[in-house]
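Residue numbers (this note's numbering): 13 to 383.
Using N, Cα and C, we set each Cβ at its ideal position, and we do this for glycine too.
All remarks here apply to the structure that follows.
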């Protein structure tokens, strides 16, 4: 049987990643700490470039580097298990493996762990001075309080004016000129992700990062990337968004700084953008699923179905269906309680009331008499 030759399409023109500027001092400081201590904490504000700094650090370490990501709701045991599988070591021997092998373990986004979970994870990883392995913990807050001992810490601040101008100039050379650099630098304080967002707003309008205003093709592509989460090739995005011009959509999203290009043809979303895309797509899907009357509020009950009962001084709902819209109030006998002498003295039949007179008058049903 002859095998059908597959049609080879031209891949998307690769666009290089965002240039690595202004972080050479922090990179040198991080390497210096890793040469002395076994555990280093890298922390900084959201979007300050922590993950990018670790990515630039790994090729120059001369040892295999393994990155483990923390997700919201993670536990220390789950994270430890993922690290052991990635390092191919026996369960329960993570600290021993890092002590005896020249490996680098990077734990990214540790802010998703609670303080006690972070302490449970990192306390056994405080290796001795003769350990061969190294551990880099990346998060938004310092880890001295969680670990309980003095560790090496590197903090990332915003870019200085020269580095920020170099980054803005790269965007203008690649995607077009945009005004307002000085105001953007003052607002963002040089945080790279915020600076990229300000460039997109200056270049494409105030709604450049508003996912709801994107074209349908671009919205489908960015939602597919949000679902995939990891860095993937454009073919993976096309598999989740059939019938969409993926090349044009991704090119526009990269120009708006919503999608990051790694440089080898793969693309990925920043965590901030991914969370926003998923939240908006979930809200839109929820609006499509809900019936129309759910948005107009609960429909008014008719007078014929209105019944009230007094049970311990309050009205009781009695549902006739599974939805709140079909719930009515039915007469229910009041159970005498010791805390209510009046209810205990009166018979159960006298505690039942009806609203027939109100129905005849056309008045609205009442919730119950005031006691």
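- In the three-state reduction of the DSSP assignment, residue 127 falls in the helix class, which pools H, G and I.
- Taking all protein chains in view, the Cβ of residue 268 is crowded by 16 or more other Cβ atoms within 10 Å, so the residue is classified as buried.
- Membership of residue 53 in the beta strand (DSSP E) is indicated by the continuous run 51-56.
- Beyond the five residues adjoining it in sequence on each side, residue 167 comes within less than 7 Å, by CB distance, of 55, 56 in the same chain, given in chain order.
- Look at residue 78 here: in three-state DSSP terms it is strand.
- In the structure shown, the three-state DSSP call for residue 163 is coil.
- Taking the Cα positions, residue 232 is about 44 Å away from residue 50.
- DSSP places residue 264 inside the alpha helix (DSSP H), whose first and last residues are 258-267.
- A contact is defined here as three or more CB-CB pairs under 8 Å, and the segment 205-222 meets this definition with respect to the segment 253-272.
- For residue 227, the number of other beta carbons within 10 angstroms of its own is below 16, and it is reported as exposed.
- Residues of the same chain with a CB within less than 8 Å of the CB of residue 126, apart from the 5 flanking positions on each side, do not exist.
- Taking 8 Å as the cut-off, the beta carbon of residue 117 is found closer than this to the beta carbon of residue 147.
- Between residue 66 and residue 150 a beta carbon distance of about 6 Å is seen, short of the 8 Å cut, so the two are scored as contacting.
- Secondary structure remark: continuous alpha helix (DSSP H) runs of at least 4 residues inside the segment 58-121, in chain order: 62-69, 88-99, 106-112.
- Here the segment 282-289 lies against the segment 230-247, with 3 or more beta-carbon pairs under 8 Å apart.
- Contact check between the segment 207-218 and the segment 247-263: fewer than three CB pairs, one atom from each, fall below 8 Å, which does not count as touching.
- Contact check for residue 278 and residue 253: beta-carbon distance about 16 Å, past the 8 Å limit, so the pair fails to qualify.
- A residue is called buried when at least 16 other Cβ atoms come within 10 angstroms of its Cβ; residue 198 does not meet this threshold and is exposed.
- A Cβ-Cβ separation of about 6 Å places residue 68 in contact with residue 39 under the 8 Å criterion.
- Secondary structure remark: continuous alpha helix (DSSP H) runs of at least 4 residues inside the segment 153-230, in chain order: 156-159, 173-187, 193-200, 204-216.
- Distance between residue 164 and residue 119, taken at the CA atoms: about 15 Å.
- Sequence-distant partners of residue 281 (beyond 5 residues in either direction) whose C-beta falls short of 8 Å from its own C-beta, in its chain, are 234, 237, 238, 241, 270, 271, 272, 289.
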